[in-house]
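Have a look at the structure below, then the notes.
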Amino acid sequence: MANLVLIGAPGAGKGTQAERLVRDHGLLHISTGDLLRRAIAAGTPLGQKAKAAVDDGKLVPDEVVIGLVNESLSQKTDAQGFILDGFPRTLEQATALEVLLEEMSEPLHHVIVFEIPIVSLADRIAQRAAQSRGSGADVRSDDNAEALSRRVDEFARATVALLPFYDQRNLVRRIDATQSIEDVATQIGSLFAK
Ligand code: AP5
Ligand code: MG
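Numbering (this note's numbering), first residue to last: 47 to 240.
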């Protein structure tokens, strides 16, 4: 059992690795991006409020995503670990998560930081958009050059500040996210052996 946070720039591979962790370890996958896209597609009041920010690549207000995570974690069974993919993204979210986990008596085991140069991201996002188009699925509304550049800016502005926060708690595990999907999975897998 492990409770994980995945931190990485857009396209770093968080969702890809989360899928494998679900398959191999049965963890509960909580992606705030996926939850927001689902709410937007369903046209819920929350989705309507979040749509403009998501489309533009800006962060959705902290209280909205904290509410989503709170609700998702409450659905977890006692023995099941979880993966938070793309949350927290601000210090406010990290602090709220700490309080929430304390209340649930759940520790965090690893904060996995996907290290990848910004210049590699555009290709990955373009590749995902092409894959979606090829399979007849909708392309994500923020998988375009303009929104990607804002997502990268938001990552540098707000999310990088989480590294000292989690470093102080000895939770940061840096992985080389430029490697193949398989090799990144091996790096993450080695954390489970410890
Ligand atoms: P979110 O959905 O979290 O998007 P993101 O962080 O921009 O990241 P992505 O999902 O684009 O990338 P990923 O790291 O999952 O990469 P993937 O595995 O898909 O957030 C979207 C928006 O929601 C935000 O902009 C914001 O508006 C809002 N939001 C979400 N959370 C929020 C929060 N906490 N607070 C406020 N707002 C929030 O891989 C990408 C591509 O690369 C794929 O094609 C994949 O096949 C390929 N790939 C993956 N790994 C490799 C590899 N090792 N080698 C080669 N190719 C690879
Ligand atoms: Mg993702």
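Where is the CB? At the ideal position from N, CA and C, for every residue including glycine.
Keep in mind that this is a model prediction, so the values were computed, not measured.
Scanning Leu50, Ala48, Ala55 for the CA closest to the CA of Ser166 turns up Ala55.
It is roughly 30 Å from the alpha-carbon of Ala48 to the alpha-carbon of Gly93.
Residue Ile76 holds the alpha-carbon nearest to the alpha-carbon of Ser118 among Ile76, Glu161, Leu105. In the three-state DSSP reduction, Asp131 falls in the strand class (E or B). When C-alpha distances from Phe128 are compared across Ala142, Gly57, Gly59, Leu147, the shortest belongs to Leu147. With the rule of 3 Cβ pairs closer than 8 Å, the segment 106-125 does not count as touching the segment 57-71.
If only uninterrupted alpha helix (DSSP H) runs of at least 4 residues are considered, those enclosed by the segment 54-115 are 60-71, 78-88, 91-102.
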